[in-house]
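One structure below.
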Ligand SMILES: Cc1ncc(COP(=O)(O)O)c(C=O)c1O
């Protein structure tokens, strides 16, 4: 393709995108295909000879689009939004066109400098303390764009780990780093995103996953207890990850309480993950949700979720950039330049070396909409979520399961989890709406997120109509099924009763003549049924004395799997310890085999697998000691 053809194909592509956006409603929100559908449509090998552009574009519509989930569709209410807007698309297009790479200031000065400036712009708009801004007098902080929130959490943990190990090494110069590493403990809430767990796996540190309160908010007291408990066991708290706007129900950890706790422990890095909700803090009336940020060492939010900016664009700020970069710095000669001391080299701020010109699209968005335009967009989504909440509350068959502070509503039919699973799967299968479930306070709930950039009241009304229709149908079927079940049960019961009565009459007649106790009850002191009941209790395998023993939980938390390798499964007095190991996102039952003599490498035994029950850690610890499994 030469420049002239690019010019015309480019125009065609813009046309294609516009028509896609304008006609989205005519498509099913989710694809109606089976796994592997595309393999049947696409050749096994790349073409040897160049193909005509028209043929490629033809295949986009015929083969690719049928397998696309349309995240920008007005009927898409799943996950969180995938940011998108015309200024952002054009900014991304320009970045692709310029095609420069920004691992150092010298490798593309504008890339680095615009990124620092735009991050200061956004940081100010969000209301981050001055220490997080690069251009504030006396500040050691600054911002950077990462690929994802997962990466922000990972680099925070890496920095925290480096800081803690450095301090420990200073205190214990002759102790091996591996041993020091095995003492480090990170913390997060059960509601934290799974990326925290993944970061702990990569960093090879222990992660203690704590129980939030009934509003799904991690509290200072819970953290304090866990950290103190760990310190008495010789472990060293080094990292706390908190969430403002959790994925499952958009709850908020109590950052002020947590920050005050962290202050009591030397060298603990406090990270705040506001991947979705953080964007909303550009609205003055929502800044209260950020209170406690003054205690944080780092903060991230994803404009590629809720600020009209295309993926990837995860903005990340640190209070002290030296503490971050000293964990990640590598400096071969070929990457050095004459201004290293006076400029930012973003390769030291994250995992990859090469970096795209991502600040362009964010700059385009901030300038095209202005902060006021972005506030309007956020407020519109919140208003619509409130409207949806109101519609749900008016229908007494439903309940709301979260505090609707932003644009995520968690709701459910009053009834069983199974009923709600059925409702959601019926709706999703129809392709009329798309939503995903989550678990709030141990209940299966349906998440309704306002997602489409230009969402309107009519979209919410339509969604509610679809949900209500499916609920009507399901409840009707459910009642009919229940009635049928009941009818069958009553019929069976009557039949059984009839047979039993007949049999009883027959045997009574036969035995009456041979056993006087039968026809003279006063002879029978203890009825057979009472005797059976007592013996059943005594014979019960789980309770030899007939009583149920309830084990109180040590404390309400899980410990993520790297512990399996790091804790040796043996306590100081030589007895084996059965640690609960949690594979939150694998539906797998795992039991840590405590190592005995001659076996010092306990490993998760995944062979013992079954569906894990959805339980709180406290309640699951109270069950059988064999049930080491935790939640999905
Ligand atoms: C609170 C929170 N943190 C982290 C993530 C992970 O985001 P990413 O896909 O950018 O890694 C999500 C994703 O939805 C999230 O909601």
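In the UniProt record's numbering, the protein residues as written are 1 to 632. Backbone N, C-alpha and C fix where the C-beta goes; we use that ideal spot for every residue, glycine too.
- Put simply, the backbone Cα of residue 258 is about 56 angstroms away from that of residue 487.
- If one requires a minimum length of 3 residues, the beta strand (DSSP E) runs lying completely within the stretch 393-466 are 398-400, 408-413, 436-440, 443-449, in chain order.
- In this structure the stretch 163-173 does not touch the stretch 208-225; the number of beta carbon pairs closer than 8 angstroms is below three.
- Its chain contains 1, 5, 9 as the residues whose beta carbon lies nearer than 8 angstroms to that of residue 53, once the 5 sequence neighbours on both sides are disregarded; these appear in chain order.
- 8 angstroms or more divides the Cβ of residue 419 from the Cβ of residue 385.
- Residue 474 places its beta carbon less than 8 angstroms from that of residue 422.
- Taking a C-beta distance under 8 angstroms as the contact criterion, residue 302 and residue 149 qualify as a contact pair.
- C-alpha of residue 120 to C-alpha of residue 263: approximately 26 angstroms in a straight line.
- Looking at the backbone, the Cα of residue 85 and that of residue 478 are separated by about 43 angstroms.
- In this structure, residue 270 sits away from residue 453, with a CB-CB distance that is not shorter than 8 angstroms.
- By the Cβ neighbour-count rule, residue 348 is buried, with 16 or more other Cβ atoms within 10 Å of its own.
- Burial state of residue 482 is exposed, judged by a 10 Å Cβ sphere holding fewer than 16 other Cβ atoms.
- Between the alpha carbons of residue 156 and residue 190 lies a gap of roughly 19 angstroms.
- By the Cβ neighbour-count rule, residue 83 is buried, with 16 or more other Cβ atoms within 10 Å of its own.
- For residue 342, no beta strand (DSSP E) run applies, since DSSP gives it neither H nor E.
- The beta carbon of residue 150 sits closer than 7 angstroms to at least one heavy atom of ligand 1.
- Residue nearest to residue 89 within the set 402, 358, 428 is 358 (criterion: CA-CA distance).
- The residue among 236, 42, 330, 476 with its C-alpha nearest the C-alpha of residue 160 is 236.
- Residue 6: member of the alpha helix (DSSP H) spanning 3-22, first to last residue.
- Secondary structure of residue 209 (DSSP, three-state): strand.
- Going by C-alpha positions, residue 491 is about 12 angstroms away from residue 499.
- For residue 80, the distance from the CB to the nearest heavy atom of ligand 1 is below 7 angstroms.
- For the 8 angstroms CB-CB criterion, residue 29 and residue 75 form a contact.
- Taking each of 260, 197, 282 in turn and checking the Cα distance to residue 219, the smallest one comes out for 260.
- Taking the Cα positions, residue 229 is about 10 angstroms away from residue 223.
- Nearest C-alpha to residue 117 among 425, 489, 360, 396: 360.
- For residue 87, the enclosing alpha helix (DSSP H) stretches over residues 86-98.
- The C-alpha of residue 280 lies about 21 angstroms from the C-alpha of residue 401.
- In this structure, ligand 1 has no non-hydrogen atom nearer than 7 angstroms to the beta-carbon of residue 253.
- In this structure, residue 207 keeps its C-beta atom at 8 angstroms or more from the C-beta atom of residue 226.
- Beta-bridge pairing by DSSP links residue 186 to 207, 239.
- Assignment of residue 491 by DSSP, reduced to helix, strand and coil, places it in the helix class.
- Three or more beta-carbon pairs separated by less than 8 angstroms are not found between the stretch 423-442 and the stretch 377-392, which leaves the two stretches without contact.
- In the structure shown, residue 36 adopts coil according to DSSP, grouped into three states.
- Contact check for residue 435 against residue 77 passes: the beta carbons are separated by less than 8 angstroms.
- Here residue 146 is bridged, per DSSP, to 314.
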